[in-house]
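The numbering used here puts the first residue of the sequence shown at 1057, with every later residue one more than the last. Heads up, the beta-carbon is just placed ideally off N, CA and C, and yes, glycines get one too. The structure appears right after this line, and notes come after that.
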Amino acid sequence: MAGNISALQALPIDASGTSIRLLKVEPKSRDRFQSQSKELLSLSTEVFGLDDRARYHAYRALSYTWGPPEPTKAIALNGIVIRIRKNLFDFLDMYAHEQPDECKYLWIDQLCIDQNNTQERNHQVGIMHRIYAEAYEVVAWLGLDEDGSERVMKCLSGFSDVAFLGDSRLRGVMKDDKRKMLLENFEAVKALLGRDYWGRLWIIQEVLLAVRLKVYCGRLHCDGADFESLLGLMMIANDRIPRGTQTNIFGEEMWQSNPITYRNSLLANMDISEALLRFSEASCVDPRDKIFGLGAIISSSHDLTIDYGMSCEEVYMDTCCKLYETDRREVAYEALRCLSVQAKLHVSLELASDIEQLVRLKKWPENSSRHLEIFRKYLQRYSAVDAAPSVSAS
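Structure (structure tokens):
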């Protein structure tokens, strides 16, 4: 991704402040959406400070999955041709043709952060809570239309507004009609809720911090509240089906794991153990992001350090120590499990005991190298985690 680096280096970020890069996408005519035109998508970046109100610009922050590294697509960023992953290209292609007029700027981690600059990456992830919380709107990109998603998205638009109609009879008719349409397209609904996006760890804080949330799938979109209403409807429908039957396929796990269901809950400043346990099944490419990716909703009292210069073992050990400092020894196993340590229960209990001994003996940072060596051996003994991962994707 050398082109990406060159395209960003001309606009450095002040890592001592709250500077971020914002993107502008050159618009295209709507009738050429997903056409075979060879004209490159063109984007430019500008640097702004979140605290610089004189030059503040409203922006949308993108929440999405990076997707597989191949295939890639070419775009022009600051006049330099670079290649990006297909899922991001699909969003930008849609946005170039469909972008609303009221907000011209975008924030996208893949294009606004130099992913090969550890200092910059640490800084930007460290202010991620502000980037998403202060965005005009957070856009959740589910991908292109497939598996009947267009029918579901059309039905979802305005679904949550039905409850606010003044005439109760009209409200009942419209709500029943929309419910019927959604239930008739149950497989399409299930496919939409089962997309990879919903299992990504990073979207948790992105969705929870959003003041306004818009969910896009292909060219169609709906409000986050519409999706929340959909989840509630599917849970009600599922509860009416006898347990254990084949048709009982919308399980409680899907409801509990979807971050949209928590948008009205107070999840900011969560205890580190609570955050790790609640979102332990969420996935990420870099195992260190099991911690860093929840930084925006973890209480500042834990003094979480975002440092991609730390190895996987260092991050895990530091986290274990914080767990023990808060006197939550009973969650040691669960915390390690969500940090990609896979082990059977009896082995995990042994590991928890071993870690407790290490933490008691540990004199941080005077003797950190010795304890890190011991900790690494324990990880190798109990799991497949034995090396620091790549940091090129999220």
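(1) DSSP beta-bridge partners for I1362?
(2) Tell me which residues share the same chain as R1193 and place their Cβ nearer than 6 Å to its Cβ, disregarding the 5 neighbours each side in the sequence.
(3) The alpha helix (DSSP H) that contains I1328, what's its start and end?
(4) Does the Cβ of Q1452 have 16 or more other Cβ atoms within 10 Å, making it buried, or fewer, making it exposed?
(5) Given that a residue counts as buried once 16 or more other Cβ atoms are within 10 Å of its Cβ, and exposed if not, what is P1068?
(6) Can you give me the C-alpha to C-alpha distance between I1362 and E1262, rounded to a whole angstrom?
(7) Between the C-alpha atoms of S1119 and I1316, what's the straight-line distance to the nearest angstrom?
(8) Less than 8 Å separating the beta-carbons of G1204 and N1143?
(9) Please confirm whether C1273 and S1213 have their CB atoms less than 8 Å apart.
(10) What does the Cβ neighbour count give for S1075, buried or exposed, with the cut at 16 atoms within 10 Å?
(11) Is W1197 closer than 8 Å to L1078 when the C-beta atoms are compared?
(12) Measuring alpha carbon to alpha carbon, tell me which residue in S1098, C1211, Q1155 is nearest M1237.
(13) In chain order, what residues of the same chain have a beta carbon less than 6 Å from the beta carbon of S1100, not counting five sequence neighbours either side?
(14) Where does G1199 land, buried or exposed, given buried means 16+ other C-beta within 10 angstroms?
(15) Thinking C-beta only, is L1248 closer than 8 Å to V1195?
(16) Below 6 Å CB to CB, which residues in the same chain sit around G1228 once its five sequence neighbours on both sides are set aside?
Here's the rundown:
(1) In DSSP, I1362 forms no bridge with anything.
(2) What sits at residue 1193 in the sequence shown is Glu, not Arg. Answer for E1193: R1116, R1268, K1270, listed in chain order.
(3) 1328-1334
(4) Not covered by the structure: residue 1452. The range shown for the chain is 1057 to 1450.
(5) exposed
(6) Computed Cα separation, rounded: 17 Å.
(7) In a straight line, the C-alpha of S1119 is about 13 Å away from that of I1316.
(8) Taking 8 Å as the Cβ cut-off, G1204 and N1143 do not qualify as a contacting pair.
(9) no
(10) Burial call: buried.
(11) no
(12) C1211
(13) K1080, N1134
(14) buried
(15) no
(16) Reliability fails at G1228, whose pLDDT of 49 lies under 50, so the model's placement of it is uncertain and the value that follows must be treated cautiously. So the list is empty, once near-sequence residues are dropped.
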